[in-house]
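Asks:
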Ligand SMILES: [Fe+2]
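Numbering (the numbering used here), first residue to last: 8 to 499.
(1) Since residue 250 is in the alpha helix (DSSP H), which residue starts that stretch and which ends it?
(2) Helix, strand or coil for residue 352? Go by DSSP, reduced to three states.
(3) Classify residue 213: buried if its beta carbon has 16 or more other beta carbons within 10 angstroms, exposed otherwise.
(4) Confirm the yes/no value for this check: CB of residue 130, any heavy atom of ligand 1, distance under 8 Å.
(5) Let me know the alpha helix (DSSP H) ranges lying completely inside the segment 69-143, each 4 residues or longer, listed in chain order.
(6) Can you tell me which of the three DSSP states residue 485 falls into?
(7) Do residue 474 and residue 34 have their CB atoms nearer than 9 Å?
(8) Alpha carbon to alpha carbon, how far is residue 230 from residue 249? Give it in angstroms, no decimals.
(9) In its own chain, which residues sit with a C-beta less than 7 Å from the C-beta of residue 464, not counting the 5 before and 5 after it?
(10) Enumerate in chain order the residues of its own chain whose CB-to-CB distance from residue 348 is below 6 Å, with the five nearest sequence positions on each side excluded.
(11) Can you give the Cα-Cα distance for residue 107 and residue 116, rounded to whole angstroms?
(12) Apart from the five residues on each side of it in sequence, which residues of its chain come closer than 8 Å, Cβ to Cβ, to residue 37?
(13) Spatial neighbours of residue 497 within its chain, please: C-beta separation below 7 Å, excluding the five flanking residues on both sides.
(14) Just list the residues that DSSP pairs residue 149 with in beta bridges.
(15) For a quick check, are the C-beta atoms of residue 363 and residue 305 less than 9 Å apart?
(16) With a CB to CB cut of under 6 Å and the five nearest residues on each side skipped, what residues in its chain are close to residue 335?
(17) Which whole runs of the beta strand (DSSP E) in the segment 295-381 are 3 residues long or more, in chain order?
(18) Around the Cβ of residue 10, are there at least 16 other Cβ atoms within 10 angstroms (buried) or fewer (exposed)?
(19) If we ignore side chains and look at the alpha-carbon of each, how far apart do residue 86 and residue 483 end up?
(20) Go to residue 449, then tell me how far its beta strand (DSSP E) extends in each direction, as first and last residue.
(21) With a CB to CB cut of under 6 Å and the five nearest residues on each side skipped, what residues in its chain are close to residue 48?
(22) Measuring CB atoms only, is the segment 147-165 touching the segment 291-298, in the sense that at least three cross pairs come out at less than 8 Å?
(23) So, are the CB atoms of residue 407 and residue 374 less than 9 Å apart?
(24) Using three-state DSSP, classify residue 17 as helix, strand or coil.
(25) Using 8 Å as the cut-off, can you tell me whether the segment 172-187 makes contact with the segment 115-134, which would need three or more C-beta pairs spanning the two stretches below that distance?
(26) Where does residue 492 sit, in a helix, a strand or coil, going by DSSP?
(27) Spatial neighbours of residue 28 within its chain, please: C-beta separation below 7 Å, excluding the five flanking residues on both sides.
(28) DSSP three-state label for residue 464, please.
(29) Distance check for residue 141 and residue 24, CA to CA, integer angstroms please.
(30) Any chance the CB of residue 44 is under 8 Å from a heavy atom of ligand 1?
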């Protein structure tokens, strides 16, 4: 057998699989100094196919999770990368080939793996209840050793996770450290069932409620506030018949409305607020005043994912996929769904710059806030000096209340990955948005990656420090900062 990846753009050049697990003690600092006070670990996960795909036109959502960690200690940063040993990864490693087929389509799998979890743990890696968990929204999370990244095994909240899935975008309530999370397609692929959970700071499930969405769709991220959780139903729709026939898992349905499912925290029924067709994925933050819920999210006209086709066969139009950070406001005292075409929540654009991967200072998660970061693909009037349009080229910090923004351009032939906010260790009570921002930047010309440590209030200034990772890190999705103090409190 020959290991050969397809001669397709998604598997060649800067998108070629890396498949490299390794360790570097003391990353090179090529500019500035890493603050000695910064003590903790930045965990992030990327998608890196361990084997050539079993089906044509595969894409990175269907690739194995490669977790990386950057441990900050006394001005040093130690790096480690490791594949998550999912049941799927282990089976394919043994076989030395892909046994699982198309994205979320079990009907395309090798019969020898029937019934085995299709999870890839490639979307997010977070810390809760003394556990490090790598996750993907179609399966249960995988617990990892926070020092070695060795795989401990699947985690289902000690049997309390009744859903077949758990979101890769749980939220941690800064008031009590509880984990607020959900599973969609909770009764299996393409089902419209959503299960909502809360777990206390120790990781014990304390609340569970089930709902049925208006239609089966990708529910990638959601909003959590002090008093409500909100499930956005966006028309990337799924159908069991279609995947049985070998069709795409999701299609973009421009004729379908958007719904926001609003549920009171820890009790109450869902109420569906309906709006006209549009696309949104990640939530920067959300908050409520008891009556109005405000949700900040980049909104585009159509799906940003070219590998999920338009239901009517319309060609992918990058212009229509541009997402503009916007504020949705739901009046929970108003009647929900008033019928087709009646928008029951408002939308206000917060910036003219297009972007995605919004994050916030999570000390204010679910609360009123004035600081977020977002990667930009388009800035009016600015063309990168290397003439390469598109892609994530800028990092911005923004005050969503005023739209005031600071930007930094990543440089020639570069792509920015998701940025995260890190509170200063010495004074965790600094004002909202005062601390550091960490961001990985792909340097395509050299096939290397940089890790920037930025002053969160001055992301446009010279970085506090720039570290060089001498490899091209696989395209990243999400990550989080875990403090030394948190790491010292581990689950039994
Ligand atoms: Fe995400």
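Glycine included, C-beta positions come from ideal geometry on N, C-alpha and C.
Replies: Inspection of the coordinates gives the following:
(1) The residue you call residue 250 lines up with position 243 of the chain shown. Where residue 250 is concerned, the enclosing alpha helix (DSSP H) stretches over 247-251.
(2) Translated into positions along the chain shown, residue 352 becomes position 345. Residue 352 falls in the strand class under three-state DSSP.
(3) As a working note, residue 213 is residue 206 in the chain shown. Residue 213 comes out exposed.
(4) One-based indexing of the chain shown puts residue 130 at position 123. Yes, since a heavy atom of ligand 1 falls inside the 8 Å radius drawn around the Cβ of residue 130.
(5) 94-102
(6) Working through the chain shown from its first residue, we reach residue 485 at position 478. The answer is strand: DSSP assigns residue 485 an E or B state.
(7) In the chain shown, residue 474 corresponds to position 467, counting from 1. In the chain shown, residue 34 corresponds to position 27, counting from 1. Yes.
(8) One-based indexing of the chain shown puts residue 249 at position 242. One-based indexing of the chain shown puts residue 230 at position 223. Distance between the alpha carbons of residue 249 and residue 230 is about 30 Å.
(9) What you label residue 464 is simply residue 457 of the chain shown in a count that begins at 1. Excluding positions up to five away in sequence, the list reads 440, 441.
(10) On the chain shown, residue 348 is found 341 positions in, with the first residue counted as 1. Note that residue 348 scores a pLDDT of 46, beneath 50, so its modelled location is shaky; the value from the coordinates is reported in the next line. Here the set comprises nothing.
(11) In the chain shown, residue 107 corresponds to position 100, counting from 1. In the chain shown, residue 116 corresponds to position 109, counting from 1. Cα to Cα, residue 107 sits roughly 5 Å from residue 116.
(12) For the purposes of this step, residue 37 is taken as the residue at position 30 of the chain shown. The residues are 457, 473, 474, 475.
(13) One-based indexing of the chain shown puts residue 497 at position 490. Cβ within range, chain order: 137.
(14) Numbered from its first residue, the chain shown carries residue 149 at position 142. DSSP, once it has assigned bridges, lists 141, 161 as partnering residue 149.
(15) In the chain shown, the residue the question calls residue 363 occupies position 356. In the chain shown, the residue the question calls residue 305 occupies position 298. A contact, by the Cβ cut-off of 9 Å.
(16) Position 328 of the chain shown, counted from the first residue, corresponds to residue 335. Around residue 335: 302, 352, 354.
(17) 299-307, 331-338, 352-367
(18) Reading the chain shown from its first residue, position 3 is the one you call residue 10. With fewer than 16 Cβ atoms within 10 Å of its Cβ, residue 10 is classed as exposed.
(19) Translated into positions along the chain shown, residue 86 becomes position 79. Translated into positions along the chain shown, residue 483 becomes position 476. Cα to Cα, residue 86 sits roughly 15 Å from residue 483.
(20) Mapped onto the chain shown, residue 449 falls at position 442. Its beta strand (DSSP E) spans residues 443-450.
(21) Within the chain shown, residue 48 is the residue found at index 41, counting from 1. Closer than 6 Å at the Cβ level, and outside the excluded window around residue 48, lie 76, 78, 489.
(22) no
(23) As a working mapping, residue 407 is identified with position 400 in the chain shown. As a working mapping, residue 374 is identified with position 367 in the chain shown. It is not a contact, given that the beta carbons lie outside the stated cut-off.
(24) Taking the first residue of the chain shown as position 1, residue 17 is located at position 10. It is helical.
(25) yes
(26) The sequence position of residue 492 within the chain shown is 485, counting from 1. Helix.
(27) The residue given as residue 28 occupies position 21 in the chain shown. Result list for residue 28: 88, 89, 90, in chain order.
(28) Locating residue 464 in the chain shown gives position 457, where the first residue counts as 1. Correct three-state label for residue 464: helix.
(29) For this step, residue 24 is matched to residue 17 along the chain shown. For this step, residue 141 is matched to residue 134 along the chain shown. Their Cα atoms are separated by approximately 20 Å.
(30) What you label residue 44 is simply residue 37 of the chain shown in a count that begins at 1. No.
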